[in-house]
Structures are given as C-alpha cells and as structure tokens.
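Comments concern the structure below.
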Amino acid sequence: KQEVTQIPAALSVPEGENLVLNCSFTDSAIYNLQWFRQDPGKGLTSLLLIQSSQREQTSGRLNASLDKSSGRSTLYIAASQPGDSATYLCAVYPSNFGNEKLTFGTGTRLTIIP
Amino acid sequence: KAGVTQTPRYLIKTRGQQVTLSCSPISGHRSVSWYQQTPGQGLQFLFEYFSETQRNKGNFPGRFSGRQFSNSRSEMNVSTLELGDSALYLCASSLGGSSYNEQFFGPGTRLTVL
Chain A
1 KQEVTQIPAA LSVPEGENLV LNCSFTDSAI YNLQWFRQDP GKGLTSLLLI
51 QSSQREQTSG RLNASLDKSS GRSTLYIAAS QPGDSATYLC AVYPSNFGNE
101 KLTFGTGTRL TIIP
Chain B
1001 KAGVTQTPRY LIKTRGQQVT LSCSPISGHR SVSWYQQTPG QGLQFLFEYF
1051 SETQRNKGNF PGRFSGRQFS NSRSEMNVST LELGDSALYL CASSLGGSSY
1101 NEQFFGPGTR LTVL
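Residue numbers (the working numbering), protein chains in the order written: chain A, 1 to 114; chain B, 1001 to 1114.
Pasting the structure below:
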C-alpha cells in the first residue's frame, strides 16, 4: 500500500527566504507526481505536475523535482511571499493504467511571516 | 474552458439523513474521482467513475455510493449520515482513457453533519 509523507508538517519562515518542502513515498512504482496548494477551507490548486519521463518542473518561483528511485520529491519556493502561506500537498499517481486513484501526502502548512 | 464545478458548495444535514453531491467535469473529461478530506484522515479516495462505470473504489462503507451519467456528470450519495461524515468532499476530473492524465479538482462541497 502506497504511503506518502510530508515533512515538516508545519513551517514558518520570514518573507523573502527560499524554502524546500519534502514529499516521500514508499512505493517507487509511481507514474506522475503532482504538487497542490490549499488555502483554508478551499479546494486544491494545482501547482506543478511532474510526468513520468521528467525529473523536474518549474513554474515561476516554484521548482519541483522527482527522484523515483529514492521515493522523494521536493518543492522549492524562491523568494517567499506572504501570499505563499497555505497548505502544500503532494500526490502520487499509481503506475498501473486504469487506476486513477491519487494518494495524497499529509501536507505541510506553510506560514510566511511578513 | 470551464473548470470542474461542484454543487452545492455548502450543506448542513442532521444525523440519519442522506445527501447527494454533484460534480460536473471539464468538458471532454470522462473520468470523475471523489475524495473526502477531514482534519484527522487527510485526503482519502472514495471512488472513480469512467464512462458511467465505477472503475476504482476506496475503503469506505457502503453508505457511500456514486454514479455517473452519460454526459460524465457524477453524483455522490451518502446515506444515514454520521457525525464523522462531516468533511470537504472534492471531485476531480481527467480525460481518462488510454493514458495517464492529469486530474483537475473542483472547489469542493463542505458537508456539516449535526
């Protein structure tokens, strides 16, 4: 059974700092990995999708990397801003076709201090 | 292109009642998945429908059921509501079919059971 863990569970950093969020998964037989953010009481906003053939993806100040062999992904946020405060979730796609079930991580609650 | 829509956005029910939630996928998407999010359990997969057939199912009791219509819209039903069913219910749609497709999430339905 796939288990996805995110460490730390909560993180507070001053505005302007660069930071890294971690995502670990127990079964390396995954296809895609996706990072989301969730604001309190809201749905999920997709940030980056790393497809099977890729090792990283970038969007603006965000960069996500994927190392399947070690079961790890990291989300790097550059020059953090107060608007980045949210919960960040990673989700893995199973490798068996026809299985659309995503397994989500436990989330990291990020607070950017102005 | 319109995103995934969910109705209603908020619901308040009492124990023992039943509830139906609706999800309209992105046009052209044939797969709809449902997830439950609670503070204690995080995001958990309920079930997935593809071309009107349930293709995958999570580990939830039979009180949770769903269906998909020919236009790919999906409904989820919870019977005999319990306090523990209070949660944010999210649906996601994807193209489905012959490749691993990105899932797109709706804003969710917040269900409160009193």
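For every residue, glycine included, the Cβ atom is placed at its ideal position computed from N, Cα and C.
Check whether the Cβ of Arg1073 of chain B lies closer than 9 Å to any Cβ atom in chain A.
On the second sequence, position 73 is the one that residue 1073 of chain B refers to. So no, Arg1073 of chain B is outside the interface.
Would Asp39 of chain A and Ala78 of chain A be called neighbours here (beta carbons separated by less than 9 Å)?
Counting from one through the first sequence, the residue named residue 39 of chain A turns up at place 39. Counting from one through the first sequence, the residue named residue 78 of chain A turns up at place 78. No, these two residues do not count as a Cβ contact at 9 Å.
Chain B contact residues for Lys42 of chain A, given Cβ-Cβ distances below 8 Å
Translated into positions along the first sequence, residue 42 of chain A becomes position 42. Within 8 Å Cβ-Cβ: Pro1107, Gly1108.
When burial is assigned at 16 or more other CB atoms within 10 Å of the CB, is Tyr1010 of chain B buried or exposed?
The residue labelled residue 1010 of chain B in the question sits at position 10 within the second sequence. Classification for Tyr1010 of chain B: exposed.
Taking C-beta pairs closer than 8 Å, name the residues in chain B that Gly107 of chain A reaches, listed in chain order.
Here residue 107 of chain A is taken as the residue at index 107 of the first sequence, counted from 1. Gly1042, listed in chain order.
For Leu1090 of chain B, which residues in chain A fall below 9 Å Cβ to Cβ?
By one-based count along the second sequence, residue 1090 of chain B stands at place 90. Going along chain A in sequence order, the residues near Leu1090 of chain B (Cβ under 9 Å) are Gly43, Leu44.
Test: Glu1048 of chain B CB closer than 9 Å to a CB of chain A
Within the second sequence, numbered from 1, the residue matching residue 1048 of chain B stands at position 48. Closer than 9 Å to some Cβ of chain A, the Cβ of Glu1048 of chain B qualifies, so yes.
Mapping DSSP to helix, strand and coil, what is Pro14 of chain A?
Numbered from its first residue, the first sequence carries residue 14 of chain A at position 14. Strand at Pro14 of chain A.
Between A:Thr26, A:Trp35, A:Tyr31, which lies nearest to Gln107 of chain A when the distance is taken from Cα to Cα?
One-based indexing of the first sequence puts residue 107 of chain A at position 107. It should be pointed out that residue 107 of chain A corresponds to Gly in this sequence rather than to Gln. The shortest Cα separation from Gly107 of chain A among A:Thr26, A:Trp35, A:Tyr31 belongs to A:Trp35.
Reducing DSSP to helix, strand and coil, say where Gly1042 of chain B ends up.
Within the second sequence, residue 1042 of chain B is the residue found at index 42, counting from 1. Strand, per DSSP.
For Leu1090 of chain B, the nearest candidate out of B:Thr1014, B:Cys1023, B:Ser1065, B:Arg1015 (CA to CA)
The residue given as residue 1090 of chain B occupies position 90 in the second sequence. Ranking B:Thr1014, B:Cys1023, B:Ser1065, B:Arg1015 by Cα distance to Leu1090 of chain B puts B:Cys1023 first.
Neighbourhood of Leu75 of chain A by C-beta distance below 6 Å, restricted to the same chain and skipping five residues each side:
As a working note, residue 75 of chain A is residue 75 in the first sequence. Hits under 6 Å: Leu21, Trp35, Ala64.
Determine the DSSP secondary structure at Gly1003 of chain B, reduced to helix, strand or coil.
The residue you call residue 1003 of chain B lines up with position 3 of the second sequence. Note: Gly1003 of chain B maps to coil in three-state DSSP.
Report the residue from A:Val92, A:Asn96, A:Pro114 whose alpha carbon sits nearest the alpha carbon of Ser46 of chain A.
Here residue 46 of chain A is taken as the residue at index 46 of the first sequence, counted from 1. Minimum Cα distance to Ser46 of chain A is reached at A:Val92.
Going along chain B in order, which residues have a C-beta closer than 7 Å to the C-beta of Ile104 of chain A?
On the first sequence, residue 104 of chain A is found 104 positions in, with the first residue counted as 1. Rather than Ile, the amino acid found at residue 104 of chain A in this sequence is Phe. Near Phe104 of chain A (Cβ distances below 7 Å), the residues of chain B are Gly1042, Leu1043.
Taking 9 Å as the CB-CB cut-off, is Gln1103 of chain B touching chain D?
The chain labelled as chain D is not found among the protein chains of the depicted structure, namely A and B.
Can you give me the start and stop residues for the beta strand (DSSP E) that Ile50 of chain A sits inside?
Here residue 50 of chain A refers to the residue found at position 50 when the first sequence is read from its first residue. That run of the beta strand (DSSP E) goes 44-50.
When you compare the CB of Asn1056 of chain B with every CB in chain A, is at least one pair closer than 9 Å?
Working through the second sequence from its first residue, we reach residue 1056 of chain B at position 56. Output row for Asn1056 of chain B: interface = yes.
Minimum C-alpha distance to Gln2 of chain A - residue among B:Gly1066, B:Ala1092, B:Gln1044, B:Thr1005
As a working note, residue 2 of chain A is residue 2 in the first sequence. Of B:Gly1066, B:Ala1092, B:Gln1044, B:Thr1005, the residue nearest in Cα terms is B:Gln1044.
What would DSSP say about Gly83 of chain A, mapped onto helix, strand or coil?
The residue given as residue 83 of chain A occupies position 83 in the first sequence. In this structure, Gly83 of chain A counts as helix in the three-state DSSP scheme.
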